[in-house]
Structure formats: structure tokens, C-alpha cells
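*Asks:*
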Amino acid sequence: MADDERERAAQATMDGEMRLLDPEARASPDRVLQLLDPEFSEIAASATVAAAAGCEGEVTGSGSLQSYIERLPAPALSALVQTVWVHHTGGVPYVQRRLPAGGVELHWPLGGEPRLVGPLTGPLLEVIPAHTTIVGIRFRPGSNPLIPVALSELLDQAVGLRELGHRWVEQLGEAMVNAATPEAALSLLQAQLLHEVRAAIRPDPLVDEAARLLMPWQQAEVGVLAAHLGLSASQLRRRCLHVVGVSPKVLQRILRFQGFLALAQATTAPLGQRGLDGMAGLASDVGYADQSHLSRECLRLAGVTPSALFGGEVDRCLREHDHAASYRSFLASRRGPSARR
Numbered sequence: 000m001a002d003d004e005r006e007r008a009a010q011a012t013m014d015g016e017m018r019l020l021d022p023e024a025r026a027s028p029d030r031v032l033q034l035l036d037p038e039f040s041e042i043a044a045s046a047t048v049a050a051a052a053g054c055e056g057e058v059t060g061s062g063s064l065q066s067y068i069e070r071l072p073a074p075a076l077s078a079l080v081q082t083v084w085v086h087h088t089g090g091v092p093y094v095q096r097r098l099p100a101g102g103v104e105l106h107w108p109l110g111g112e113p114r115l116v117g118p119l120t121g122p123l124l125e126v127i128p129a130h131t132t133i134v135g136i137r138f139r140p141g142s143n144p145l146i147p148v149a150l151s152e153l154l155d156q157a158v159g160l161r162e163l164g165h166r167w168v169e170q171l172g173e174a175m176v177n178a179a180t181p182e183a184a185l186s187l188l189q190a191q192l193l194h195e196v197r198a199a200i201r202p203d204p205l206v207d208e209a210a211r212l213l214m215p216w217q218q219a220e221v222g223v224l225a226a227h228l229g230l231s232a233s234q235l236r237r238r239c240l241h242v243v244g245v246s247p248k249v250l251q252r253i254l255r256f257q258g259f260l261a262l263a264q265a266t267t268a269p270l271g272q273r274g275l276d277g278m279a280g281l282a283s284d285v286g287y288a289d290q291s292h293l294s295r296e297c298l299r300l301a302g303v304t305p306s307a308l309f310g311g312e313v314d315r316c317l318r319e320h321d322h323a324a325s326y327r328s329f330l331a332s333r334r335g336p337s338a339r340r
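Position one of the sequence shown corresponds to residue 0 (numbering that gives the first Met the number 0), numbered consecutively onward.
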């Protein structure tokens, strides 16, 4: 296919995805499936040309009970795992938009095939069938005990856990299906993960430190960061691409946007410049130059403007989903005005 044909095909798929924001379109499961290009039923086409970051969604009908609850991981996994979660869909399909958080995610539908979603640089749109329960694990940037390859090879891709040679998938899957509750199934999954972590190669400590210093409230400069770690800029980039899947600069952008989403979901007063409040205050607090900078990044990373995101998907997410464990752990390193440089 010629380049111009690929570009037109990608644009057509992106247009279809954007029409999913229309409540009338989401009201029809058949219409949803028509708008999602089959080739990109797991990773959205826009992920190849744009960037993004969270978890927002909408049921494709009315009167259906669904829930999404995040929790902190087992203490022994806290160094590698940011949060664990359980997602139930109701009586109708659920349109899910996931936004990159800088790390890998494990999605395990009870009774279905588990898959690892590599680091995202764009939104992941998928339709989750009705009456589905998924347990999941969100790893911290650079933590990939289940993936034996460089994470850059899985950028914006999903791969079945069986394909990676993990022989315990079938036995664990049966045990999880027979567990008394989804929460018990999640505990079984964490216990298996702990076993895998003990046998895995330890993470790169320099990349771990880089990820910590790239959090929005640290205000690190990538060039200065490399020198601080005793590396050249090119060495740091290579190590990040191998261990995290993206460059330090891209990781910093993703974490900054995640910081913005965390502040918004935590409904925390901004700590930024005096006289700023609302969206502008949040933008200042996480390091955006101004609200216009935030708007450009939101459009580039999430595919929509901040007003569209917060007027619809995020507002709905705040009402229907419990992300407390995610944003509280993310905001743990947040500093007050006196510590800002």
C-alpha cells in the first residue's frame, strides 16, 4: 500500500474512533463495531500517529451495571506494580479507552485469554463484551518480569501471555475461573506474579531512578538527568528504549500528562503559580508552560481537547470508576510550592 493510501486509511479509522464519542453512536453495539476498524480492534489506529495517557469508558447502552475498581498491589509487589484492578461490564458491551501510563499492563478476562499490553504512546480503544470480568495489573515504567524481549519491540502492541512461553497460564486460568470472587482470582494472579518476579532478572536501577526523576514534580531536564546518572544522553536513551520502551523525553511527557490526570481525579487544589485555578492551575502545577501547552499535549496524547475529555469521559469516569489507588500512589512524590525550583 502506498504511503498516501496508508495515511488515508489511518485517518479514516481515526475519524471512526472520534465518532465513538457521540452518545448516539455508542448507544448501538453494532454501530460501535462498525466504527472500530477490525485491524485496530485492540490498539487504536491513532496510536501509530498520535500519543495519549488513563482509563475512560462508556457503556454502549443504558441500564447496565458496570464497575472498575483499582487497589494497591500486594506489598511484596509494590516496587514493580503501580496498581491492580477488577473491571466488570454489565449487560451490554463497554467501549474502553485506555491512556498510556508509561508501563506495561496485564489484562486477564476470567475464562478468556490473558494478554500483555506494551507501553502505549496513543489511546487504546476496545469493545469489552457484556458480562465480562477482567482482572488486571499495571506495572511501573521499566518493570516487565513477564516479557523476555526489549519493551521497544512491544510498543503500542498487545501480545498473548501464552505466546511468551509461560506454561502456567492454563492452570492458573482454571484456578482463577474457579475462585470464589474476582478479588480472589486477582490474589492468585499476584501470587503467581510474585513467583515470576523472584525468578526474573532484576530491573535496571539507573532506569528506575530516571523514571522517578522524570515525574512531573521533579522538573528534571533530560540532558542534566543523564549526567546525574553517570551516563551520556545516548546511553540513557538506549537503556530507556530497552527497559521502558520509549525515550526519556517521551516518558516524561506521558508522566506529566498522567500527573495532570491524577490531580484532576484527586480534585486536589493546584500548588502552582498564585492566582491560577481550575485547568490553568493544574497545568501549571505539573509543569506545562500554560493552558495552551496543556491543550496541545492533551490533543496530541488523548486525541481530544481537555474540555472534551473532562466534559465527558473523565467526568463519567470519576462517577463510575474508582482510581483512588492509582492517583494516590502517583501523587505521593508531589511537592508543595516551597520545594519548586
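We put the CB at the ideal spot given by N, CA and C, even for glycine.
I need the DSSP call for A265, collapsed to helix, strand or coil.
*Replies:* In the structure shown, A265 sits in a helix (DSSP, three-state: H, G or I).
*Asks:* State the start and end residues of the unbroken beta strand (DSSP E) segment that holds E104.
*Replies:* That run of the beta strand (DSSP E) goes 104-108.
*Asks:* Give the secondary structure of L124 by DSSP, where H, G and I count as helix, E and B as strand, and everything else as coil.
*Replies:* Three-state DSSP puts L124 in a strand.
*Asks:* Looking only at DSSP bridge pairs, what is F138 linked to?
*Replies:* According to DSSP, F138 bridges with V80.
*Asks:* Count the other CB atoms within 10 Å of the CB of G222; is the residue buried (16 or more) or exposed (fewer)?
*Replies:* When all chains shown are included, G222 counts as exposed.
*Asks:* Any idea which residues DSSP pairs I133 with across the strands?
*Replies:* Partner(s): H86, P108.
*Asks:* Determine the DSSP secondary structure at R333, reduced to helix, strand or coil.
*Replies:* Looking at R333 - three-state DSSP - the assignment turns out to be coil, as it is neither helix nor strand.
*Asks:* Would you call the stretch 188-195 and the stretch 204-212 in contact, with 3 or more CB pairs under 8 Å?
*Replies:* Touching, no.
*Asks:* Please classify V243 as buried or exposed, where buried requires at least 16 neighbouring CB atoms within 10 angstroms.
*Replies:* Buried, by the Cβ-count rule.
*Asks:* Classify A100 as buried or exposed, calling it buried when 16 or more other Cβ atoms lie within 10 Å of its own Cβ.
*Replies:* Looking at its Cβ environment, which holds 16 or more other Cβ atoms inside 10 Å, A100 is buried.
*Asks:* When the Cα atoms are used, what is the spatial distance from L105 to D203?
*Replies:* So the alpha carbons of these two residues sit roughly 21 Å apart.
*Asks:* Measure the Cβ-Cβ separation of R281 and Y326 and say whether it is below 9 Å.
*Replies:* Before going on, a small fix: residue 281 reads as Leu here, not Arg. Result no, Cβ atoms of L281 and Y326 do not sit closer than 9 Å.
*Asks:* Can you tell me whether W167 is buried or exposed? The criterion is at least 16 other CB atoms within 10 Å of its CB, across all chains shown.
*Replies:* The residue is exposed, with fewer than 16 neighbouring Cβ atoms inside 10 Å.
*Asks:* Using three-state DSSP, classify L213 as helix, strand or coil.
*Replies:* Of the three classes helix, strand and coil, the one that applies to L213 here is coil, per DSSP.
*Asks:* V126 and Q95: beta carbons closer than 9 Å?
*Replies:* Yes, they are a contact pair.
*Asks:* On the DSSP letters alone, give me the boundaries of the alpha helix (DSSP H) that G280 sits inside.
*Replies:* Per DSSP, G280 belongs to the alpha helix (DSSP H) from 277-284.
*Asks:* Can you confirm whether the stretch 110-124 touches the stretch 140-152 when touching is taken to mean that 3 or more C-beta pairs between the two stretches lie within less than 8 Å?
*Replies:* Short answer: they touch.
*Asks:* In three-state terms, what does DSSP make of V158?
*Replies:* Correct three-state label for V158: strand.
*Asks:* Which residue wins for smallest C-alpha separation from P215, given the options A178, A75, R333, L109?
*Replies:* The shortest Cα separation from P215 among A178, A75, R333, L109 belongs to R333.
*Asks:* Would you kindly check if the distance between the Cβ of V83 and the Cβ of I136 is under 9 Å?
*Replies:* For I136 and V83, yes; Cβs fall inside 9 Å.
*Asks:* Can you check DSSP and say which residues form a bridge with L115?
*Replies:* Looking at the DSSP assignment, L115 forms a beta bridge with L105, V158.
*Asks:* Considering only residues of the same chain and omitting the five flanking positions on each side of A183, which have a CB-CB separation below 7 Å?
*Replies:* Once the five neighbours on either side are set aside, A183 has no close Cβ partner at all.
*Asks:* Among the residues of its own chain, which have a CB less than 8 Å from the CB of S294, if the five just before and after it don't count?
*Replies:* For S294, where only same-chain residues beyond five positions count, the Cβ hits under 8 Å are T304, P305.
*Asks:* Buried or exposed: where does P197 fall if 16 or more other Cβ atoms within 10 Å of its Cβ makes it buried?
*Replies:* For the record, residue 197 in the displayed sequence is Arg; it is not Pro. Burial call: exposed.
*Asks:* Closer than 7 Å by C-beta to A174: which residues in its own chain qualify, once you throw out the five before and the five after it? Chain order, please.
*Replies:* So the list reads L187, once near-sequence residues are dropped.
*Asks:* Output the boundary residues of the alpha helix (DSSP H) element that contains P181.
*Replies:* Where P181 is concerned, the enclosing alpha helix (DSSP H) stretches over 181-198.
*Asks:* If distances are taken between C-alpha atoms only, which option among S233, F309, T132 comes closest to A263?
*Replies:* Closest option to A263, Cα to Cα, is F309.
*Asks:* Roughly how many whole angstroms lie between the Cα atoms of F256 and L79?
*Replies:* About 21 Å.
*Asks:* According to DSSP, is S231 part of a helix, a strand, or is it coil?
*Replies:* S231: coil per DSSP, three-state reduction.
*Asks:* Can the beta-carbon of R252 be found closer than 9 Å to that of E296?
*Replies:* The answer is yes: Cβ separation under 9 Å.
*Asks:* Quick check on the DSSP output: the alpha helix (DSSP H) that includes Q170 runs from which residue to which?
*Replies:* 168-176 is the extent of the alpha helix (DSSP H) around Q170.
*Asks:* If you count every other CB in all the chains shown that lies within 10 Å of the CB of E69, and 16 or more means buried, which is it?
*Replies:* By the neighbour-count rule (16 or more Cβ atoms within 10 Å), E69 is buried.
*Asks:* With DSSP as the reference, label R327 as helix, strand or coil.
*Replies:* The answer is helix: DSSP assigns R327 an H, G or I state.
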